[in-house]
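Visitor: Below is the structure I would like to discuss, written out as structure tokens.
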């Protein structure tokens, strides 16, 4: 058995090594994108677990029953005559460049490119390479571009996005909109560290909207994780308005444990 302290140190070393590799790969794509002063750049990479799309909209399944939608997903609506397909990727990213600056990033999943001779196509990239560049853009780009880059980075396969997304969420120099957006996408990532980070953001003194976003991100976690976390927040958050947010999120889970908790709380008021 590896002692806890040594195991933690080893985890940090491995994470730093992985991020260093992503950073080097990102430098390669950055040069290729920056070579286009004005115009359109596009590339693809592998989609993450449970992510699929029809070219216009995409969907991420969590447990086979629920998930995250982007756009109006017709596959989520019962159709007696036509079965809607959901392509298992790839993720497609379009980068709009103007005078040496990235002005917009557009994300698609599935489908196929339309023929366009005026586009610089970088082809299929590794998800780590694409993710490293997107996360760098998310940390340093304008608000609009950062939000799009965050979304694109969190739907790729094997992209170690947690540390960068958490830095953005806690960066007081970024706008409230970008920080809340980072918290939202942090909720889409997996791992105990992510769950603990969301919990700590909800309790931190600071922007209430960012803290509210953390509560809603917790609510989207797997139910066995979300319900006890929301119960704790509803009982212990110092901010009364945020406690109400936690109670509302808890009720919306419709889980038996959540309903039982709400009934007990209502009974205590009688």
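Numbering (UniProt numbering), first residue to last: 1 to 270. All C-beta atoms, glycine included, are put in the ideal place defined by N, C-alpha and C.
Take the Cβ of residue 49 as the centre, count every other Cβ of all protein chains shown within 10 Å, and call the residue buried at 16 or more, exposed below.
Guide: exposed
Visitor: Let me check understanding here. Comparing Cα to Cα, which of 189, 143, 158, 161 lies closest to residue 173?
Guide: Closest in C-alpha terms to residue 173, from the list 189, 143, 158, 161, comes 143.
Visitor: I need the boundaries of the beta strand (DSSP E) containing residue 123, first residue and last residue.
Guide: 119 to 124
Visitor: By alpha-carbon positions, which one of 155, 118, 138, 156 ends up nearest to residue 166?
Guide: 138
Visitor: In angstroms with no decimal places, state the Cα-to-Cα distance between residue 130 and residue 264.
Guide: 49 Å
Visitor: Would you give the residue range spanned by the alpha helix (DSSP H) that residue 130 belongs to?
Guide: Segment 127 to 140, the alpha helix (DSSP H) holding residue 130.
Visitor: Distance check for residue 207 and residue 247, CA to CA, integer angstroms please.
Guide: 20 Å
Visitor: DSSP three-state call for residue 57: helix, strand or coil?
Guide: Residue 57 falls in the coil class under three-state DSSP.
Visitor: Residues in the same chain with beta-carbon distance under 8 Å from residue 37, minus the five sequence neighbours each way, listed in chain order, please.
Guide: 97, 99, 100
Visitor: Which value, in whole angstroms, describes the spacing of the CA atoms of residue 238 and residue 61?
Guide: 34 Å
Visitor: Can you tell me the Cα-Cα spacing of residue 145 and residue 169, whole angstroms?
Guide: Looking at the two C-alpha atoms, the distance is approximately 15 Å.
Visitor: Give the straight-line distance between the Cα atoms of residue 29 and residue 260, rounded to the nearest whole angstrom.
Guide: 52 Å
Visitor: Roughly how many angstroms separate the alpha carbons of residue 215 and residue 201, rounded to a whole number?
Guide: 9 Å
Visitor: Does DSSP put residue 177 in a helix, a strand or coil?
Guide: Note: residue 177 maps to helix in three-state DSSP.
Visitor: Per DSSP, which residues does residue 47 bridge with? Please list them.
Guide: 156
Visitor: Within 10 angstroms of the Cβ of residue 113, are there 16 or more other Cβ atoms? Answer buried if so, exposed if not.
Guide: exposed
Visitor: Can you tell me whether residue 87 is helix, strand or coil according to DSSP?
Guide: strand
Visitor: Go through its chain and collect everything with a Cβ distance to residue 162's Cβ below 8 Å, but skip five positions before and after it.
Guide: 186, 189, 191, 193, 194, 197
Visitor: Can you tell me where the alpha helix (DSSP H) with residue 102 in it begins and where it stops?
Guide: Counting along the chain, residue 102 falls outside any alpha helix (DSSP H), though it belongs to the beta strand (DSSP E) covering 101 to 109.
Visitor: Examine the ligand NAD and report whether any of its heavy atoms sits within less than 7 Å of the Cβ of residue 261.
Guide: By its list of ligands, the structure shown contains no ligand whatsoever, and the ligand NAD lies outside what it can speak to.
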